[in-house]
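Peer 1: Here it is: the structure, laid out below.
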Amino acid sequence: MPDYTPPIQDMLTLLEKVTPLADLGRDDLDLGMAEAILEEAGKLAGDAIAPLNETGDRLGAICENGSVKTATGFKDVYKQYTDGGWNAVPFDPAYGGQGLPWLMSFPIQEMWQSASLSFGLCPLLNQGAVEAISTHGTPEQKEFYLPRLISGEWTGTMNLTESGAGSDLALIRTKAERNQGGTYRISGQKIFITYGDHDMAGNIIHLVLARLPDAPEGVKGISLFIVPKFLTDGSLNDVTCVGVEHKLGIHASPTCTMQFGDNGGALGYLVGEENQGLKYMFTMMNNARLSVGLQGVALAERATQAALDYASDRKQGKPFSGGDTTTINHHPDVKRMLLSMQSLTLAGRALTYQAAFYLDKAASGDVSAQLRVDLLTPIVKSWCTDLAVEVASTGVQVHGGMGFIEETGAAQFYRDARILPIYEGTNGIQANDLMFRKVLRDDGAAMLAWISDLKQTDDQDILGMIENFEDTTKFVLAAKSNPDHVAAIAVPYLNLAGTLAGAVMLEKIAACDSTKSHLFRFYKTHILTRGLGYAATIRQGMETV
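In the numbering used here, the protein residues as written are -17 to 527.
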């Protein structure tokens, strides 16, 4: 498998000129410091984490007697990662975090995910747990759990999904019963729990959705509980991993079936108020959705690097103009594939970092920035994970027959990428979220404001597409009386939004970095034109579904 080289210069261009770090008004963080941080993160990602990718895929995680053993090297590298303070980067200094903005954290996290998606999933899930406890936990819960989760001494999980329930959380059956003293007993089974058990940290803090006996029906009757693997006296709680899934990809990430309460009930602690778990869950989910979009960019970057490396070395065929046998990166169709991979990856990175920028602005109380975060979250999650699958698949094609052979690594990138459009709400759910919660709910106000911002372009081709998108949005608003019709075209609507946003971001990059102008030109003629098809489908495709 080819080495991974973090794209630090591309990251710095975004942080300096496209979504400027300086615009956050942080006196304690300048571009020089950002470069130094990225260089150090890049060393850990390239030298320590990336070598885990192939061996982890081959060896996988193993569950024996209720405990999971991670693949060779994972535990040691995780210690390097936590000893370096990397787990603490975006979190509150009051609990041991470094307090760096999300705009700085995203490039760092991209490196972990590019180096090994299976490794990077552990801190990603932990991040959601930290956000939930930080936002909704009691002062005592924050003081006890946050320092250990932020340092990485402990890790956190999200226990939401159950067999037969899937994304419909109204169907969950895990039970919670009240104890004296304010604690609860949790019983039931959760599936698809990422890093539900492992050997890398001293404790695992499960955040579990469960239903009280007197709870209202449906999603209004769900509560959220902290259920630690080990209790404060060091004893094992009544929670066990009963198996790990055998998956298409991410083999080194233990995807666990977790059993709570085989011996009287797992001890749990309520987060916030009873029956408010759905609201608290979305704190974890929305945080994770942007991060999964970032994973898509990271995986696309890794697949692109591998394809470029292979195509520049593999000799086959002669140019149409004559001459000797040449490397395949000189053949027009291979060039087309490589340019597609590069332009989509760069566009996705820029859009994801822009969402991080607005996330930081929203944290300082900027209401308009929060509206932009809400709008961009489903777009980033869906569009960037779909492009990961496309880019990874194209990478296999660039390798030709060797791409279908595991030794080159191209197949692993494709297999690993395929989970991302499913994670944290399938991309169809993201499209419905964008359509019903973000566009129709306010009669298009937030979307039309974003479209107005997109119009600040000097490119007439892009401007024409944006105006088309604006008209298409008004068409959708006029059709909102029939939700089934609107839901039928929600995915192409989201894809149109992502495709346009990608073009605008690449235009900004090309304006400040001439070495990327060819990617912008390629994107306009090969990718942006997809928008015409999306717009036609939106207008004509409702009733056919």
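All C-beta atoms, glycine included, are put in the ideal place defined by N, C-alpha and C.
How about the stretch 183 to 202 and the stretch 146 to 159: do they share at least three Cβ pairs that are nearer than 8 Å?
Peer 2: With the cut-off at 8 Å, the stretch 183 to 202 and the stretch 146 to 159 touch.
Peer 1: Would you identify the three-state DSSP class for residue 89, choosing helix, strand or coil?
Peer 2: Three-state result, residue 89: helix.
Peer 1: Taking its Cβ as the centre, do 16 or more other Cβ atoms sit within 10 Å of residue 420, making it buried, or is it exposed?
Peer 2: Counting Cβ neighbours within 10 Å, residue 420 comes out buried, since at least 16 surround it.
Peer 1: How is residue 221 classed by DSSP in three states: helix, strand or coil?
Peer 2: In this structure, residue 221 counts as strand in the three-state DSSP scheme.
Peer 1: Quick one: Cα of residue 306 to Cα of residue 312, how far?
Peer 2: Looking at the two C-alpha atoms, the distance is approximately 12 Å.
Peer 1: Quick check on residue -17: does DSSP put it in helix, strand or coil?
Peer 2: The answer is coil: DSSP assigns residue -17 none of H, G, I, E or B.
Peer 1: Would a C-beta distance cut-off of 7 Å place residue 139 and residue 107 closer than the cut-off?
Peer 2: Against a cut-off of 7 Å, the Cβ pair of residue 107 and residue 139 comes out as a contact.
Peer 1: Which runs of the alpha helix (DSSP H) spanning at least 4 residues fall entirely within the stretch 42 to 69, listed in chain order?
Peer 2: List check, alpha helix (DSSP H) in window: 56 to 65.
Peer 1: Using only the alpha-carbon positions, how far apart do residue 65 and residue 142 sit?
Peer 2: Near 30 Å, if we compare the C-alpha coordinates of residue 142 and residue 65.
Peer 1: Given that a residue counts as buried once 16 or more other Cβ atoms are within 10 Å of its Cβ, and exposed if not, what is residue 62?
Peer 2: Looking at its Cβ environment, which holds fewer than 16 other Cβ atoms inside 10 Å, residue 62 is exposed.
Peer 1: With a threshold of 8 Å on Cβ separation, who are the neighbours of residue 36 within its own chain once the five nearest residues in sequence on each side are excluded?
Peer 2: So the list reads -17, 391, 394, once near-sequence residues are dropped.
Peer 1: Out of 469, 361, 370, point me to the one whose CA is closest to residue 483's CA.
Peer 2: The option with the nearest alpha carbon to residue 483 is 361.
Peer 1: Taking just the CA atoms, how far does residue 214 sit from residue 122?
Peer 2: Roughly 14 Å between the two C-alpha positions.
Peer 1: Rounded to whole angstroms, what is the Cα-Cα separation between residue 232 and residue 385?
Peer 2: Approximately 18 Å, taken between the alpha carbons.
Peer 1: Can you say whether residue 387 is buried or exposed, counting buried as having 16 or more other CB atoms within 10 angstroms of its CB?
Peer 2: Residue 387 should be labelled exposed.
Peer 1: Residue 329 to residue 1, Cα distance in whole Å?
Peer 2: When rounded, the distance between both Cα atoms is 13 Å.
Peer 1: Quick one, are the C-beta atoms of residue 92 and residue 280 less than 7 Å apart?
Peer 2: In contact: residue 92 and residue 280 (Cβ atoms closer than 7 Å).
Peer 1: From 426, 491, 502, 474, pick the residue whose C-alpha is nearest to that of residue 524; which is it?
Peer 2: That would be 474, whose Cα lies nearest to the Cα of residue 524.
Peer 1: Considering only their Cβ atoms, is the gap separating residue 260 from residue 201 smaller than 7 Å?
Peer 2: Yes, Cβ-Cβ distance for residue 201 and residue 260 is below 7 Å.
Peer 1: Candidates 480, 182, 460, 463: which alpha carbon is nearest residue 432's?
Peer 2: Comparing Cα-Cα distances from residue 432 to each of 480, 182, 460, 463, the minimum goes to 480.
Peer 1: Just the Cα atoms here: how many angstroms apart are residue 230 and residue 8?
Peer 2: Cα to Cα, the separation comes out at about 43 Å.
Peer 1: Residue 208 bridges to which residues according to DSSP?
Peer 2: Paired residue(s): 189, 251.
Peer 1: State yes or no: is the C-beta of residue 240 within less than 7 Å of the C-beta of residue 406?
Peer 2: The answer is no: Cβ separation not under 7 Å.
Peer 1: What does residue 170 pair with, by DSSP beta-bridge criteria?
Peer 2: Answer by DSSP bridge pairing, in chain order: 242.
Peer 1: For the beta strand (DSSP E) containing residue 155, list its first residue and its last residue.
Peer 2: No beta strand (DSSP E) contains residue 155, which DSSP labels as neither H nor E.
Peer 1: May I ask you to report which of helix, strand or coil DSSP gives residue 464?
Peer 2: Here residue 464 sits in coil by DSSP.
Peer 1: Could you tell me how far apart the beta carbons of residue 335 and residue 85 are, in whole angstroms, since I believe they sit closer than 8 Å?
Peer 2: With a Cβ gap of about 6 Å, residue 335 and residue 85 count as contacting.
Peer 1: Tell me, to the nearest whole angstrom, how far the beta carbon of residue 169 is from that of residue 69; I am working on the premise that it is less than 8 Å.
Peer 2: Contact flag wrong, Cβ pair sits at about 31 Å.
Peer 1: Identify every residue that forms a DSSP beta bridge with residue -7.
Peer 2: Partner(s): none; residue -7 has no beta bridge.
Peer 1: Is it true that the CB of residue 210 sits closer than 7 Å to the CB of residue 187?
Peer 2: Contact flag set, yes.
Peer 1: Which residues does DSSP pair with residue 411 in a beta bridge?
Peer 2: Bridge partners of residue 411: none, in fact.
Peer 1: Given a cut-off of 7 Å on the beta-carbon distance, is the pair residue 293 and residue 316 in contact?
Peer 2: Taking 7 Å as the Cβ cut-off, residue 293 and residue 316 qualify as a contacting pair.
Peer 1: Can you give the Cα-Cα distance for residue 500 and residue 269, rounded to whole angstroms?
Peer 2: Straight-line Cα distance between these residues: approximately 34 Å.
Peer 1: How long is the line joining the alpha carbons of residue 180 and residue 205, rounded to whole angstroms?
Peer 2: Rounded to whole angstroms, residue 180 to residue 205 spans 26 Å at the Cα level.
Peer 1: Assuming residue 370 and residue 272 are in contact, meaning their beta carbons sit under 8 Å apart, how far apart are those beta carbons, in whole angstroms?
Peer 2: Between residue 272 and residue 370 the Cβ distance is about 14 Å, and since that is not below 8 Å, they are no contact.
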